[in-house]
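Enquirer:
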Amino acid sequence: MKRITLGTNGLKSGEIALGCMRMNKLSAKGAADVISNAIEAGVDLFDHADIYGKGMSEEVFAKAMDMVSAKREDMILQTKCGIRDGFFDFSREHILDSVEGSLKRLQTDYIDILLLHRPDTLMDPEEVAEAFTKLKESGKARHFGVSNQNPSQIELLKQYMKEDLIINQLQLSLMHTPMIDAGLNVNMRHDPATVRDNGVLEYSRLNNMTIQAWSPFQYGMIKGAFIGNDDFPEVNAKLQEFAEKKGVTDSAIAIAWILRHPANIQPVVGTMNTQRMRDIAEASHVELSRKEWYELYKAAGNELP
Ligand SMILES: NC(=O)c1ccc[n+]([C@@H]2O[C@H](COP(=O)([O-])OP(=O)(O)OC[C@H]3O[C@@H](n4cnc5c(N)ncnc54)[C@H](OP(=O)(O)O)[C@@H]3O)[C@@H](O)[C@H]2O)c1
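In this note's numbering, each number is its position in the sequence shown, counted from 1, plus 24.
(1) Who are the Cβ neighbours of Thr273 in its own chain at under 7 Å, not counting the five residues just before and after it?
(2) For Thr103 versus Ile135, is the C-beta distance shorter than 7 Å?
(3) How is the beta strand (DSSP E) around Phe70 delimited, first residue to last?
(4) Nearer than 6 Å: is that true of the beta carbon of Asn253 relative to any heavy atom of ligand 1?
(5) DSSP state of Gly169, grouped into three classes?
(6) CB of Gln242 to nearest heavy atom of ligand 1: below 6 Å?
(7) Quick one: using the 10 Å Cβ neighbour count with 16 as the cut-off for buried, is Lys262 buried or exposed?
(8) Please find out if some non-hydrogen atom of ligand 1 comes closer than 6 Å to the beta-carbon of Arg356.
(9) Leu189 to Ala155, Cα distance in whole Å?
(10) Does the Cβ of Thr201 lie closer than 6 Å to at least one heavy atom of ligand 1?
(11) Distance, Cα to Cα, Ile119 vs Leu230?
(12) Please state whether the Cβ-Cβ distance between Ser176 and Leu139 is less than 7 Å.
(13) Please classify Leu42: does DSSP put it in a helix, a strand, or coil?
(14) Roughly how many whole angstroms lie between the Cα atoms of Asp71 and Tyr321?
(15) List the endpoints of the continuous alpha helix (DSSP H) containing Ala267.
(16) What distance in whole Å lies between the Cβ atoms of Ala206 and Val219, which are believed to be in contact at a cut-off of 8 Å?
(17) Which complete alpha helix (DSSP H) runs does the region 175-236 hold, if anything under 4 residues is left out?
(18) Tell me whether Asp74 is buried or exposed, calling it buried when 16 or more other Cβ atoms sit within 10 Å of its Cβ.
(19) Considering only residues of the same chain and omitting the five flanking positions on each side of Met301, which have a CB-CB separation below 8 Å?
(20) Using only alpha-carbon positions, find the residue among Ser162, Leu198, Leu283 and Ser239 that is nearest to Arg46.
(21) Rounded to whole angstroms, how far is the Cβ of Leu225 from the Cβ of Leu328, which I believe are closer than 8 Å?
(22) Is Gly43 near ligand 1, in the sense that its beta carbon is under 6 Å from a heavy atom of that ligand?
(23) In the DSSP assignment, find the beta strand (DSSP E) that holds Arg27 and state where it starts and stops.
(24) Should Met296 be counted as a contact of ligand 1 given a C-beta to heavy atom distance under 6 Å?
(25) Of the residues Met199, Ile279 and His309, which one's Cα is nearest the Cα of Asn326?
(26) Would you check whether ligand 1 has a heavy atom nearer than 6 Å to the C-beta of Gln193?
(27) Between the alpha carbons of Asn48 and Gln131, how many angstroms are there, rounded?
(28) CB-CB under 6 Å to Pro216, same chain, minus the five flanking residues each way: which ones, in chain order?
(29) First and last residue of the beta strand (DSSP E) that includes Asp16?
(30) Less than 7 Å between the beta carbons of Ser37 and Ile100, yes or no?
(31) Whose C-beta lies closer than 7 Å to the C-beta of Ser81 among residues of the same chain, with five residues either side of it excluded?
(32) Compute the minimum distance between the beta carbon of Asp71 and the heavy atoms of ligand 1, and state whether it is under 6 Å.
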């Protein structure tokens with residue numbers, strides 16, 4: 025699998041990451057198989073959050089790590105904080121508490137990358153900066169980033185922060201493309217022209233901030249996979265056509281479509297199926313032409329101006 029540099033401070037990773045949101049449903053042995061298989065396919069970044077499976081996903085992952093031959097220092101463990109039961113909380117106290125909880129559940133001394141999960145409008149950026157500096161100085165978190173944030177929110181944080189923000193994790197799939205649509209329909213009156221994220225795609229490129237694409241196979245708000253779904257015949261026919269042409273699966277083509285974008289986007293796939301993970305990893309070797317990329321975009325229901 026090809027490797028990419030995440031953000032601005034030199035950290036390198038396989039270009040596809042594994043999301044562990046669904047790992048709570050596995051046994052430790054099942055999770056160990058999923059982790060070992062992903063590592064063999066070239067994955068080294070594992071994405072968590074304090075809330076996945078109410079903490080169970082991190083716990084199962086740690087139990088599985090006892091059965092995995094890969095070393096902790098060769099892995100990038102990323103987790104998130106800031107979503108609580110029915111509200112968002114970027115207070116200093118909550119960030120620090122959440123990280124302590126994740127460290128304990130993951131049975132590790134440090135988090136490689138800590139992300140703020142979803143914007144808290146009551147955030148005091150100075151408090152976030154204090155929490156990050158404390159975590160950095162104590163060695164409990166090494167790198168920092170955000171998720172679901174727009175450029176102004178990031179700039180606000182940056183005014184106070186000593187540490188770089190290297191990641192912004194955002195929803196992006198062939199069937200969820202608002203950040204791409206707006207840039208293709210500038211100054212037009214129809215819905216795709218609506219800028220819903222304050223130009224986050226262009227901002228990320230200008231600032232070398234890595235976008236991680238969450239739920240790259242889902243349509244709607246995590247409503248289900250669009251691959252093989254009869255509600256989306258056109259995009260599936262096109263995925264199938266290219267899959268046959270390139271000798272990979274339709275899932276691999278859907279990820280290759282994200283990787284083809286020059287913004288250095290890292291898809292975070294959530295499969296817990298080992299064969300599917302191996303198939304998806306093949307996306308790293310797929311070459312999609314500009315024309316093929318746009319054909320997929322149009323087959324997903326988008327029109328070009
Ligand atoms: N930052 C945020 O706000 C946020 C929000 C949501 C998710 N995330 C992150 O993103 C990661 C991925 O999310 P996700 O699990 O919703 O993503 P996904 O990769 O889009 O979906 C994976 C799910 O779709 C199923 N699936 C069915 N057919 C599939 C196919 N042909 N190809 C691939 N998957 C298929 C998988 O089942 P099998 O397991 O059987 O393959 C799995 O349950 C999460 O683990 C989490 O780390 C972040």
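Cβ coordinates follow ideal geometry from the N, Cα and C atoms, glycine included.
Expert: So, from the listed chains and residues:
(1) On the sequence shown, residue 273 is found 249 positions in, with the first residue counted as 1. The residues are Ala267 and Asp303.
(2) As a working mapping, residue 103 is identified with position 79 in the sequence shown. As a working mapping, residue 135 is identified with position 111 in the sequence shown. Result yes, Cβ atoms of Thr103 and Ile135 sit closer than 7 Å.
(3) If you number the sequence shown from 1, residue 70 lands on position 46. First-last of the beta strand (DSSP E) with Phe70: Leu69 to Asp71.
(4) As a first step, residue 253 must be located in the sequence shown, where it is residue number 229. No - ligand 1 has no heavy atom lying nearer than 6 Å to the Cβ of Asn253.
(5) If you number the sequence shown from 1, residue 169 lands on position 145. Gly169 falls in the strand class under three-state DSSP.
(6) Here the question's residue 242 lines up with position 218 in the sequence shown. Yes, ligand 1 has a heavy atom inside 6 Å of this Cβ.
(7) Stepping through the sequence shown from its first residue, residue 262 is reached at position 238. Buried.
(8) This structure does not reach residue 356, given that the chain is present from 25 up to 329, and the question cannot be answered.
(9) Taking the first residue of the sequence shown as 1, we reach residue 189 at position 165. Taking the first residue of the sequence shown as 1, we reach residue 155 at position 131. Spanning the two alpha carbons is a distance of roughly 14 Å.
(10) Along the sequence shown, read from residue 1 onward, the residue named residue 201 stands at position 177. No; taking the cut-off as 6 Å, the Cβ of Thr201 has no heavy atom of ligand 1 nearer than that.
(11) Position 95 of the sequence shown, counted from the first residue, corresponds to residue 119. Position 206 of the sequence shown, counted from the first residue, corresponds to residue 230. Whole-angstrom Cα-Cα distance: 28 Å.
(12) Position 152 of the sequence shown, counted from the start, is the residue given in the question as residue 176. Position 115 of the sequence shown, counted from the start, is the residue given in the question as residue 139. No, these two residues do not count as a Cβ contact at 7 Å.
(13) Taking the sequence shown and counting its residues from 1, the one referred to as residue 42 is at position 18. Note: Leu42 maps to strand in three-state DSSP.
(14) Locating residue 71 in the sequence shown gives position 47, where the first residue counts as 1. Locating residue 321 in the sequence shown gives position 297, where the first residue counts as 1. Cα to Cα, Asp71 sits roughly 27 Å from Tyr321.
(15) Within the sequence shown, residue 267 is the residue found at index 243, counting from 1. Unbroken alpha helix (DSSP H) run through Ala267: Pro257 to Lys270.
(16) In the sequence shown, the residue the question calls residue 219 occupies position 195. In the sequence shown, the residue the question calls residue 206 occupies position 182. For Val219 against Ala206, the beta-carbon gap comes to about 5 Å, under 8 Å, which counts as contact.
(17) 175-182, 202-208 and 224-230
(18) Indexing the sequence shown from 1 puts residue 74 at position 50. Buried.
(19) For this step, residue 301 is matched to residue 277 along the sequence shown. Result list for Met301: Leu42, Val58, Asn61, Ala62, Ala65, Val67, Val293 and Thr295, in chain order.
(20) Here residue 46 corresponds to residue number 22 of the sequence shown, with the count starting at 1. Arg46 has its Cα closest to that of Ser239, out of Ser162, Leu198, Leu283 and Ser239.
(21) Along the sequence shown, one-based indexing puts residue 225 at 201. Along the sequence shown, one-based indexing puts residue 328 at 304. Contact doesn't hold; Cβ gap of about 17 Å is too wide.
(22) Residue mapping note: residue 43 aligns to position 19 of the sequence shown, counting from 1. The answer is yes for Gly43.
(23) Position 3 of the sequence shown, counted from the first residue, corresponds to residue 27. Run containing Arg27: Arg27 to Leu30, per the beta strand (DSSP E) assignment.
(24) Here residue 296 is taken as the residue at index 272 of the sequence shown, counted from 1. Yes, Cβ of Met296 sits closer than 6 Å to a heavy atom of ligand 1.
(25) As a first step, residue 326 must be located in the sequence shown, where it is residue number 302. Selected option, being the one with the closest Cα: Met199.
(26) The sequence position of residue 193 within the sequence shown is 169, counting from 1. True, at least one ligand heavy atom lies under 6 Å from that Cβ.
(27) Reading the sequence shown from its first residue, position 24 is the one you call residue 48. Reading the sequence shown from its first residue, position 107 is the one you call residue 131. Computed Cα separation, rounded: 16 Å.
(28) Counting from one through the sequence shown, the residue named residue 216 turns up at place 192. Annotation for Pro216: Asp205 and Asn209 place their beta carbon closer than 6 Å to its own, counting only its chain and skipping 5 residues before and after.
(29) Nothing about residue 16 can be read from this structure; the chain reaches only from 25 to 329.
(30) Counted from its first residue, the sequence shown places residue 37 at position 13. Counted from its first residue, the sequence shown places residue 100 at position 76. Yes, they are a contact pair.
(31) Your numbering for residue 81 matches position 57 in the sequence shown. Taken in chain order, the residues that qualify are Cys44, Met45, Met47, Asn48 and His72.
(32) Locating residue 71 in the sequence shown gives position 47, counting from the first residue. Remark: the shortest separation between the CB of Asp71 and any heavy atom of ligand 1 falls under 6 Å.
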